[in-house]
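Notes follow the structure.
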Amino acid sequence: MKGAAGNGEHRRGLWTVEEDRILTDHVRVHGKGKWNRIPKLTGLKRCGKSCRLRWVNYLSPGVKRGVFSEEEDDLIIRLHKLLGNRWSLIAGRVPGRTDNQVKNHWNTHLSKKLGVKQRKCKINASSSKSSKESGANSRTELKSNDDGSISCRKGEAEIHNVMEDSSEKVRETTSLQDPVLIGDCYDNFWDPYLCAPNLMEFLDQSLDLFWDGM
DNA sequence: AAACGCTCCAACCGCATGTTC
DNA sequence: CGAACATGCGGTTGGAGCGTT
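As C-alpha cells, then:
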C-alpha cells in the first residue's frame, strides 16, 4: 500500500477479520459518525477516515457484493454519460453499490467496453477540479436508510438539474442539425434515448422499472 | 516449478465542504 | 467571524491473485 511506512500510530493495508468485527460491533452499538473517535474507543489502530471508508465500502449491510448485472452496467453507463465522474451521484442511483465500487467497475470494465478515452469531458464536470470549482452544488448528501438503502437528497436534486440541462442542450442541438454528444469522451457510443426531448422522463421511468425489478 | 506480466479492487491521499465551538 | 475538527469526494496506488510463458 501507498506510504506503507505510516506514522506508527495507524495500521494500513487490508483489514483483518478481527478489525472488521471490532468496527462492526462499534457501529452496531454507537451508530455511524464520529469516526475519529473510533480508534480511541475501540483500540483499533486505524485512522477515522479508514474506519469510515471500510464501513461504507464493505461492512455496511446495504452494500451489495458480487458482479455487476447487465442492468446495473446499463444504468451506470447512462448516468455516467449525464454526470461524468461524479461517482457518489451515480452510486446514489445504483442500489447497494458504493461510489468506490462504481468507480472501480467503470475504470476496469465499462470504460474499456465503451472505448471511452481517458480525457476530460466538456460539460460533465468530470474532473475533480471542475467539480470542486462548482462549489457546494457539487456535493452530495448520502444517507443510509434504515432498510439499508441509500438515498441522496442533494444528489437527487442535482441529477434533476443536470438532466434538465442536458435535455435543454439536446433540444437546442437537435433543433439545429445533427445531434451532439453530451460529453466528448464517448466515441462510437450514441444513445438515442438520452437525446430524446423527454430525456428525464425516460430515465426516471427506466430507473423506476429497474428498481421495481430488484 | 519459477518468473513474469496483467487485471482487479481495496485502501490511501489530498482537498473541499460542512459543522462545531 | 474564524479556527479547528469532521466528513465526503474523486483520483490514484499497490498488492493479491491469476494466467501465460
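So for the first sequence, full-length UniProt numbering puts the first residue at 1; every next one is plus one.
No residue lacks a Cβ here, since even glycine has one placed at the ideal position from N, Cα and C.
Quick caveat, the model's predicted, so the values are computed rather than measured.
Original post:
With L114 and I77 assumed to form a contact (beta carbons below 8 Å), what rounded beta-carbon distance in angstroms separates them?
Top reply: In this structure L114 is in contact with I77, their Cβ atoms being roughly 7 Å apart against a cut-off of 8 Å.
Subject >> Segment limits, alpha helix (DSSP H) that includes G13 >> reply: From DSSP, G13 is part of no alpha helix (DSSP H); its letter is neither H nor E.
Subject >> Continuous alpha helix (DSSP H) assignments of at least 4 residues falling wholly in the UniProt domain "HTH myb-type" (60 to 114) >> reply: 70 to 83, 87 to 92, 99 to 105 and 111 to 114
Original post:
Which term fits S88, buried or exposed, when burial requires 16 or more other beta carbons within 10 angstroms of its beta carbon?
Top reply: buried
**OP:** Give me the Cα-Cα distance between S126 and H80, rounded to the nearest whole angstrom.
**Re:** For S126, the pLDDT reaches just 33, beneath the cut-off of 50, and the residue's location in the model is therefore unreliable, although a value from the coordinates is still provided. S126 and H80: Cα-Cα distance of roughly 9 Å.
Original post:
Less than 8 Å separating the beta-carbons of R97 and E72?
Top reply: For the pair R97 and E72, the CB atoms are nearer than the 8 Å cut-off.
Original post:
K49 by DSSP, collapsed to three states: which one?
Top reply: helix
**OP:** In the DSSP assignment, find the alpha helix (DSSP H) that holds K34 and state where it starts and stops.
**Re:** Careful: K34 lies outside any alpha helix (DSSP H) and carries neither H nor E.
**OP:** Please work out which residues of its chain come closer than 6 Å, Cβ to Cβ, to N100, disregarding the five sequence neighbours upstream and downstream, and give them in chain order.
**Re:** N57
**OP:** Report the residue from G31, G48 and A91 whose alpha carbon sits nearest the alpha carbon of P39.
**Re:** G48
Original post:
Would you call the CB atoms of H26 and L41 closer than 8 Å?
Top reply: yes
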